[in-house]
Structures are given as structure tokens and as C-alpha cells.
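Numbering (the working numbering), first residue to last: 3 to 429.
All residues carry an ideal CB built from backbone N, CA and C; glycine is no exception.
From a predicted model like this one, the values you see are computed outputs, not experimental measurements.
Worksheet: the structure to be examined is printed underneath.
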């Protein structure tokens, strides 16, 4: 005879295991696993029949909790597995009744006022997203796991923001995902996760309830973003995609590449809500935020979905279910056509020259000044790649980020100038 499936939690409070002390009083427990944009969290409610929580067991805000979920004989006899939820800081405690019930809420942010409470004002200059994240992680006393390529930022302001909110905003602005989990700050590329194979297939009959939504509201076919070239002071417009639903982005950018990256990120963030799906199923170990699943048996709603959040609930009867929230993949505009103004392009004439970089120069401004086409900045970079990369490394940079970082005194070979023949310039 098989045993009844059951779910339970293993909980440590300030490094002391209190599982036995609370398990008979446990009323409900929930764990919210979020892919990006906010912290993971837990909530547990316990009955206080004897008044021990009100008389001294009440945890203090800021206290430390670690939680694991145990599943036994889940799909069949012997199907035993666990889920590590992480480490959390108590941020909300309440008592209600009758009957007397204590409810405790906790989040996975680092235990550091510098990260989540202290508002900071700072001008970050000539840094990368990774360098910003590393300084913030070190100040918070946590580890940084960064799984993305270096993204240069010429200047960005942290204006009366906590490090937590600021770093979330920076990552969102550049199309990156950020998760705070068990003493780690993790930055990753959501596009790579969305391209991964689904970890499970969920069928219509697996759901006790579900909701599907498809909308055009708040989604876009293209975006426009203006920026001012720091070298020339001239204004330019970058257009990503096209069509009749264009997002106007009011955002500063310091180069064509920076503008393009921010426009694509804004489009992708908005278009996540194009097709969404949510539903409740029996708990499954494969369902983890930032993984992909396949939805099948619904007809038009079928497809590959990315898990934005997974909420695992356990009741006092040891039953457990998961509620998922997901968006359908395939909406991304990372490879959309990009147009930068309608700038004249000319044909090469005559020999090239040499140029010494001065403060404030960019390859874009140099190409504009000497070649009459800022879009020829890539030619200058390719012609001088070795010198540009060497100068960047001498100044402590990993690389120049394809010519984003150039430094005064670097001697550049400039390709030939051009004739007056004009045509539309597109990238």
C-alpha cells in the first residue's frame, strides 16, 4: 500500500532548527520564486493556541530564516525530493484572531542596510554594469554572479535611491535580469533563458484553474530614442523596428549603441505582456522561475512559456500546489532593423590621415568630424583595433567594448574621406 503524498517545511531561525516546534501549529506556508525584478519571499502562518508566539516566540524584524521544502511519496511511493527556498530576512510580523494566528513574512534581500535601506546619491562615470554591480555587492557583503557580457556606461546617476532599487533599474534599462537569492546577487541574460529547451510540459488536465491573456495594449512594434553625441553635441534619433505602434522613449543615451540597447530593452520589457498564462497545478520540482515550460492541450494558447514567478503553497494538511505566472516566448526584438537618422553616406576618395584622440572624443564624433558620416565609426575601430584595445587594457579595462572606451593620446589611422554622392544610411 502506497503512502499518502505529503509536503512539509524544514525551517531554521537564526541558525537553530525550529521545525518540530512549529510543525503541529503550521497553518499555511507559501514561497514566491521570482525570475527578476523583485526579491523572493516567504510567508508562514501558525496557530497560537497556547499564546506562546505572543508571549515571546514572536520573531524580530531583521531576523534570519532559512527554509527547505520536503516532498515525500509525491507522484508515487518513493518519489522524495526537496526544494531549497533560500535564506530570508523577516520584514513583517502580525497577529490576528480569534483564533490567534501569527503570520510572518520574509524576503531574500541581503541583511545590509547599505543595500536595501540607505538612500544614496552618486554619479557613476566610465563604468560597466558589472562594475556597478560588483561595488554594490561588496558594499552589501554578498557575492555577485554575473553571467552577461560587459556593458559600458559613460554616465548614470543614482539619485536618492537604495543600491537595491538602483541596481534593479540599471539591469532593466539594459535588458538584463537580476535575482537576489540566498546571499547572492545574480545578473543574467533573460534572452538566453527564453531560448532554452522547456523543462516540462503541462497539459490542460494538469491545471485546477488557469487564465490566458493576449493583448495589444501596451505592446509595440518599434521604438524611437533620441540621444546627443557627447563629442559633437549634435542630436540624433535611433529607430528600432517599425510599424504603427511606436514607443517614444524619454531616456538619455551616450552613443548609438547605447541608445539601441536601451530601446531594445524597453521594447522587450513592454512586449512580455503580449501573451501571458497563469494557472495552478500540483507541485512539480521542474517548475522554477526563469525556466521555460511547454503548455499543451489548449489550442491557440499552446506554446513555449517563460516562468516569471512560481508560488508554492503548503497547507496544514501537507498538501501542496504551485501557481505559475508566465509569458510566451518569441516576442523579442533583439534582431530588429535599426535606423540611425537618415545620414548621408559618401564614397571613399583620397588617402587617409592620422588623428590623436583628445578628451571628449568618441569614435562616433571622430567619424562625423573627419569622414562626414558617424556611421563609419566601426571602420575606424577595425582599422585601429589593436591600439584601442591596448590603450583600454593599460587603463584597467578588460577591453574597449568595441571602441566605446577611447583615451586621449591614442593615435588613430583614419580611412579615406568620401565624395558627395548621397544615399540613405541604415544600420
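Where do the N-terminal and C-terminal ends of the alpha helix (DSSP H) with residue i fall, by residue?
i: residue 404; result: No alpha helix (DSSP H) contains residue 404, which DSSP labels as neither H nor E.
i: residue 275; result: Element bounds for residue 275: n/a, residue is neither H nor E.
i: residue 23; result: 21 to 25
i: residue 195; result: 192 to 196
i: residue 415; result: Not the alpha helix (DSSP H): residue 415 falls in the beta strand (DSSP E), residues 413 to 416.
i: residue 373; result: 365 to 373
i: residue 250; result: Looking at the DSSP string, residue 250 is not in any alpha helix (DSSP H); the run it does join, the beta strand (DSSP E), is 248 to 251.
i: residue 383; result: 379 to 385
Just confirm the distance between the C-beta atoms of residue i and residue j, as a whole number of angstroms; I'd bet it's less than 8 Å.
i: residue 147; j: residue 130; result: Contact flag wrong, Cβ pair sits at about 16 Å.
i: residue 73; j: residue 6; result: Between residue 6 and residue 73 the Cβ distance is about 12 Å, and since that is not below 8 Å, they are no contact.
i: residue 266; j: residue 335; result: 6 Å
i: residue 172; j: residue 134; result: 6 Å
i: residue 67; j: residue 111; result: Not confirmed; about 13 Å, so no contact.
i: residue 304; j: residue 329; result: Between residue 329 and residue 304 the Cβ distance is about 14 Å, and since that is not below 8 Å, they are no contact.
i: residue 416; j: residue 358; result: Not confirmed; about 11 Å, so no contact.
i: residue 261; j: residue 255; result: 4 Å
i: residue 179; j: residue 37; result: 6 Å
i: residue 408; j: residue 238; result: Contact flag wrong, Cβ pair sits at about 19 Å.
i: residue 60; j: residue 101; result: Not confirmed; about 17 Å, so no contact.
i: residue 379; j: residue 390; result: That pair is no contact at about 11 Å.
i: residue 364; j: residue 257; result: 6 Å
i: residue 264; j: residue 250; result: Not quite, the Cβ-Cβ distance comes to about 13 Å (not below 8 Å), so this is no contact.
i: residue 203; j: residue 296; result: 4 Å
Identify the residues that DSSP records as bridge partners of residue i: which are they?
i: residue 163; result: 122
i: residue 239; result: 228
i: residue 324; result: 283, 314
i: residue 104; result: 48, 97
i: residue 74; result: 8
i: residue 154; result: 130
i: residue 334; result: Partner(s): none; residue 334 has no beta bridge.
i: residue 145; result: 186
i: residue 395; result: According to DSSP, residue 395 bridges with nothing at all.
i: residue 84; result: 72
i: residue 203; result: 296
i: residue 117; result: Its beta-bridge partners do not exist; DSSP assigns none.
i: residue 306; result: 296
i: residue 179; result: 190
i: residue 43; result: 34, 109
i: residue 356; result: 415
i: residue 67; result: 15, 90
Judging by CA-CA distance, which residue of the options is the nearest neighbour of residue i?
i: residue 370; options: 254, 389, 231; result: 231
i: residue 183; options: 200, 88, 229, 297; result: 88
i: residue 406; options: 387, 82, 419; result: 387
i: residue 332; options: 294, 61, 110; result: 294
i: residue 259; options: 227, 235, 145; result: 227
i: residue 95; options: 105, 28, 303; result: 105
i: residue 394; options: 40, 82, 410; result: 410
i: residue 64; options: 355, 93, 86; result: 93
i: residue 316; options: 285, 219, 149; result: 285
i: residue 159; options: 103, 198, 168, 390; result: 168
i: residue 70; options: 21, 343, 178; result: 21
i: residue 97; options: 190, 359, 107; result: 107
i: residue 216; options: 176, 273, 320, 48; result: 273
i: residue 431; options: 117, 341, 392, 297; result: For residue 431 there is no data in the structure shown, the boundaries of the chain being 3 and 429.
i: residue 385; options: 413, 367, 251, 397; result: 413
i: residue 75; options: 275, 390, 320; result: 320
i: residue 90; options: 270, 99, 46, 136; result: 46
i: residue 193; options: 11, 60, 337, 365; result: 337
i: residue 141; options: 186, 202, 177; result: 186
i: residue 270; options: 300, 176, 86; result: 176
i: residue 15; options: 43, 30, 33, 62; result: 62
i: residue 210; options: 283, 263, 299, 360; result: 283
i: residue 302; options: 252, 229, 206; result: 206
Could you give the first and the last residue of the continuous beta strand (DSSP E) run that contains residue i?
i: residue 32; result: 28 to 36
i: residue 296; result: 294 to 298
i: residue 213; result: 209 to 216
i: residue 342; result: 340 to 342
* Within the chosen definition, does the segment 389 to 408 reach the segment 269 to 288 through at least 3 CB pairs nearer than 8 Å? -> no
* To do: Report yes or no: do the segment 118 to 126 and the segment 156 to 166 share at least 3 C-beta pairs separated by less than 8 Å?
  => yes
* Asked: Is the segment 209 to 224 in contact with the segment 372 to 380, if contact means three or more CB pairs nearer than 8 Å?
  -> no
* Should the segment 22 to 31 be called in touch with the segment 72 to 86, which here means at least 3 C-beta pairs below 8 Å? -> no
* To do: Check whether the segment 304 to 315 touches the segment 323 to 331, counting contact only when three or more Cβ pairs, one atom from each stretch, lie closer than 8 Å.
  => yes
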